[in-house]
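Chains as they are written, first to last, in the UniProt record's numbering: chain B, 1 to 335; chain X, 1 to 335.
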């Protein structure tokens, strides 16, 4: 299957423009004082600041579809999913680097738009597109790595720091991205009824509220992750790493009116989206204190014996839906 | 063209193992205290230390071939080319993150060997494989981003800091990687005569001498880059960014006995490898002082009017070979 670009991109193909002119066009589209040398030198942080780093790769046909996503949205999504990982440590995103593999027939304006999407999204975080790499390839592959700063002496918000008695808190929608995906699969980008655009946008270009991770760490949160592979999967990882159990409050995570309406339209159970959807990149954590600003309580941490049944329950009952995202799904396996 | 793995990898395919078990196998192969959370928290650097970041992507069939390279060599090369960019700023490499896209039929031991190659090479630099991402994809794509530390208040070794009157210095072989590639193209991995193994290794898994960038910065070097796209191309970039000319001493860069012998065997001009080959990841820079330890003088910087002919000459004559690596080569264009 060869990469097919939407006809709205009318620029010359990379094979006509050449690598160097393409890189110059990217630098024009997303100006940066730091980009353009062998490596980017980031600004000197405050004293006692640690660096946090993460990486995520998006592959055409698996993580995005060119008949659904605009180039800017792909850049946007690549930033958000990386920055969610930075924020899930309680850190502040400061820079990304962008490596792209693209076929020679890729229109130049598709690539500059993708870079512009990266640039627009990093600027929301006062961060920088600091460097990159461009190579040929048979398919479009977008690899972003993100750098964050973790200031001060408070611990990072790791997966292993949830403790019995703490509250489970979340900062954004859960299940919206999966509902958006289901709508796109049924109707395509143009066919989804307008009242569901928030769900479609949550899938194509999620917009988490920047700074929540730093706020949560300052407010005394202990552990944190983001909802990338599915709520039960991600909280299951956190629970196992912390050697605790987590009980979610059904009412606190129940599908809202929009998810319920989408479920009715599609004839699907919206709970599946909430529990297994992922890709919302909503921050989910635990705290002994009040929910940090922007977070709501969705459950509680309790003691749990390792090896005994599922570590995550809903109103004390094991969830019916639990299989989240897996890049290499094994038939019949539970995550 | 589908990815074909050598028969020496006999492990189960990723599609049987699943994503999570594959990631656990990678973490077993390359243990790290920092890997395994949403993002990796790097050690607190000395005060007054800036972070340096770069990224490079390797695509199967373009940057490596599975009938030539072992998995460990691919991991090894991905680290070296990233760390050369970190060192070319005068910084010390401290960590990499590794994003991999691979088909479902990829043997697990190929992936763990590739990660082991990354781990072995970063450990030579006392650095860490700190995190990663694994996704499905039709082809093998290896994306590495590297983080370095730039301590103290000396300027980074940027491309724009060469000044007339300075010496041009280099730290390693030039042209070896291109000669190795030419030998592989003619004879295949098993068929290259044994006396040329150093050239083949320089292409498949180059081994620059770690720490040269930090040494050069401490010793007063001004600008630096690495020989990745070809000597004339890379020095041309440095010269243009610094608004200077560079004259190389023909005797100092002339093909050595090994390159000359390989040229004779293949019926090719070894000067082509020296001037346009790239991928040696040899550090090349400029200094007003003595050549830093491990570097030799290969030329001199002089005044040059922008826009007038080529900024890089050899014994005051424009080189006959100048076209270096381009991911999207445009017919007839000069870089």
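Where is the CB? At the ideal position from N, CA and C, for every residue including glycine.
The model shown is predicted, which means the values in this text are computed figures rather than measured ones.
Would you please verify whether the beta carbon of residue i is less than 8 Å from any beta carbon of chain B?
i, result
"residue 240 of chain X", "no"
"residue 22 of chain X", "yes"
"residue 75 of chain X", "no"
"residue 132 of chain X", "yes"
"residue 388 of chain X", "As shown, chain X starts at 1 and ends at 335. That puts residue 388 of chain X outside it, with no answer to give."
"residue 104 of chain X", "yes"
"residue 79 of chain X", "no"
"residue 317 of chain X", "no"
"residue 170 of chain X", "no"
"residue 71 of chain X", "no"
"residue 261 of chain X", "no"
"residue 88 of chain X", "yes"
"residue 2 of chain X", "no"
Give a yes or no on whether 8 Å exceeds the smallest Cβ distance from residue i to chain X.
i, result
"residue 64 of chain B", "no"
"residue 161 of chain B", "no"
"residue 328 of chain B", "yes"
"residue 19 of chain B", "yes"
"residue 128 of chain B", "no"
"residue 292 of chain B", "no"
"residue 85 of chain B", "yes"
"residue 15 of chain B", "yes"
"residue 312 of chain B", "no"
"residue 59 of chain B", "yes"
"residue 29 of chain B", "no"
"residue 333 of chain B", "Bear in mind that a pLDDT of 49 at residue 333 of chain B, under 50, signals an unreliable position, so the number given afterwards is only what the model happens to contain. Interface residue, yes."
So if DSSP puts residue i in a beta bridge, which residue, or which two residues, is it bridged to?
i, result
"residue 256 of chain X", "Answer is none; residue 256 of chain X lacks a bridge partner."
"residue 347 of chain X", "Only positions 1 to 335 of chain X appear in the structure, and residue 347 of chain X is not among them; the question remains open."
"residue 214 of chain X", "In DSSP, residue 214 of chain X forms no bridge with anything."
"residue 247 of chain B", "B/300, B/313"
"residue 13 of chain B", "B/107"
Our contact map puts residue i next to residue j with C-beta atoms below 8 Å; I'd like the distance itself, whole angstroms only.
i, j, result
"residue 40 of chain B", "residue 52 of chain X", "7 Å"
"residue 34 of chain X", "residue 128 of chain X", "6 Å"
"residue 278 of chain B", "residue 325 of chain B", "5 Å"
"residue 78 of chain X", "residue 228 of chain X", "Wrong, their Cβ atoms sit about 13 Å apart, outside the cutoff."
"residue 100 of chain X", "residue 134 of chain X", "5 Å"
"residue 146 of chain B", "residue 96 of chain B", "5 Å"
"residue 165 of chain B", "residue 114 of chain B", "About 46 Å separates the two Cβ atoms, so there is no contact after all."
"residue 130 of chain B", "residue 173 of chain B", "Rounded, the Cβ-Cβ distance is 30 Å, inconsistent with contact."
"residue 297 of chain B", "residue 246 of chain B", "With 8 Å as the limit, residue 297 of chain B and residue 246 of chain B do not qualify as a contact, their Cβ atoms being about 12 Å apart."
"residue 13 of chain B", "residue 104 of chain B", "6 Å"
Indicate whether at least one CB of chain C lies closer than 8 Å to the CB of residue i.
i, result
"residue 25 of chain B", "Checking the listed chains, one finds no chain C in this structure; the protein chains it contains are B and X."
Selection of the segment 190–201 of chain X by Cβ proximity to chain B, strictly under 9 Å: none
Interface residues of the segment 36–57 of chain X facing chain B [CB-CB below 9 Å]: Residues of the segment 36–57 of chain X with a C-beta less than 9 Å from any C-beta of chain B: 36, 37, 38, 39, 40, 41, 42, 43, 44, 45, 47, 48, 49, 50, 51, 52, 53, 54, 55, 56, 57, listed in chain order.
Those runs of the beta strand (DSSP E) which lie wholly inside the UniProt domain "PurM-like N-terminal" (36–149) of chain X and span at least 3 residues: Counting only runs of at least 3 residues, the UniProt domain "PurM-like N-terminal" (36–149) of chain X fully encloses the following beta strand (DSSP E) elements, listed from N- to C-terminal order: 50–59, 92–102, 128–136.
Any alpha helix (DSSP H) of 4 or more consecutive residues that is wholly inside the segment 263–312 of chain B: 270–276
Residues in the segment 134–159 of chain X having any Cβ partner in chain B nearer than 8 Å: 134, 135, 136, 137, 138, 139, 141, 143, 145, 146, 147, 148, 150, 156, 158, 159
Members of the segment 213–227 of chain X that neighbour chain B once the beta carbon cut-off is set at 8 Å: 224, 225, 226
Near-chain B residues of the segment 108–126 of chain X (beta-carbon distance less than 7 Å), N- to C-terminal order: none
Unbroken stretches of the alpha helix (DSSP H), 4 residues or longer, contained in the segment 153–223 of chain B: 176–191, 197–204, 212–218
Residues of the segment 90–104 of chain X with Cβ closer than 8 Å to any Cβ of chain B, in chain order: 91, 95, 97, 98, 99, 100, 101, 104
Contacting positions in the segment 172–184 of chain B - beta carbon closer than 7 Å to chain X: none
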